[in-house]
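Okay, structure first, notes after.
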Amino acid sequence: MTTSERAEREASLEVLLRCSRVVFLVHDLEEILTMERFWRENRDRIPIPDGLKDRIEATTTAQMAAALAFVFAASCYPSYLAARSPVPGASISFYNTIISIRLLNALLHLLQTLALRSYAPGVVTALLVSLPYSLYVFHRLRVEDLVTARDLYKALGLGVLLHTPAVLGAQTAGRVFVRLLSRDG
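When you line the sequence shown up against the numbering used here, it's residues 37 to 221, in that order.
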């Protein structure tokens, strides 16, 4: 491989790693724009405990936007680190875990849609953007010898453990942030 070919390959990998921010924004925008209305129209069809339904129902579009802004901000740092130095190690592992969470989130949107037999917020971009992007990133990280199959499995396991706490934490942060803003306003 020539120096020029190597530089082009590294540049395209850097762009790919930085694109995760765009993937997050596109997907999260769909959720922000559709969640509140979807919830109003489908609350009684969703088989979850009433306490959780009340929590979701109390979430406004502003709180959802704030929560997803926190998720976006949290995803930018691992993307930056991985793109800045795409070599095996902690940065790539951290990024790999974030992409695993994104992959699991996409699959959960698909499962929600199948369970409801109708549209669920986020499913369109989950299937058209998040899922293909995540799978391609995993493929590229393997091809570039930045992760092993074992690394991918570990990241997926961490993704499973971290997805729900990350979502609940972001929702709580969004709710608190909007409440603080409304007090000042």
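A virtual CB, placed ideally from N, CA and C, is assigned to each residue, including glycine.
- For Thr97, the enclosing alpha helix (DSSP H) begins and ends at 97-120.
- By the C-beta criterion, the segment 153-161 is judged not to be in contact with the segment 177-188, since fewer than 3 inter-stretch pairs fall below 8 Å.
- Pro168: member of the alpha helix (DSSP H) spanning 167-179, first to last residue.
- Secondary structure at Ser154: coil, using DSSP grouped into helix, strand and coil.
- Here the C-alpha atom of Leu192 lies approximately 29 Å from the C-alpha atom of Gly87.
- The residue from Leu49, Phe213, Gly210, Glu77 with its alpha-carbon nearest to that of Ile128 is Leu49.
- Spatial neighbours of Leu198 in its own chain (CB-CB distance under 8 Å, excluding positions within 5 residues in sequence) are listed in chain order as Thr133, Ile137.
- By the Cβ neighbour-count rule, Leu216 is exposed, with fewer than 16 other Cβ atoms within 10 Å of its own.
- By the criterion of a C-beta distance shorter than 7 Å, His63 is surrounded in its chain by Gly158, Thr161, Ala162, Val165, Ser166, once the five residues flanking it on both sides are discounted.
- Straight through space, the alpha carbons of Thr184 and Thr95 are spaced by roughly 40 Å.
- Taking a contact to require three or more Cβ pairs closer than 8 Å, the segment 199-214 and the segment 98-114 qualify as touching.
- With contacts defined by Cβ atoms closer than 8 Å, Tyr131 and Leu53 form a contacting pair.
- From the listed residues Ala101, Trp75, Ala102, Leu61, the smallest Cα separation to Lys89 is found for Trp75.
- Met100 sits close to Ile68, with the two beta carbons spaced by under 8 Å.
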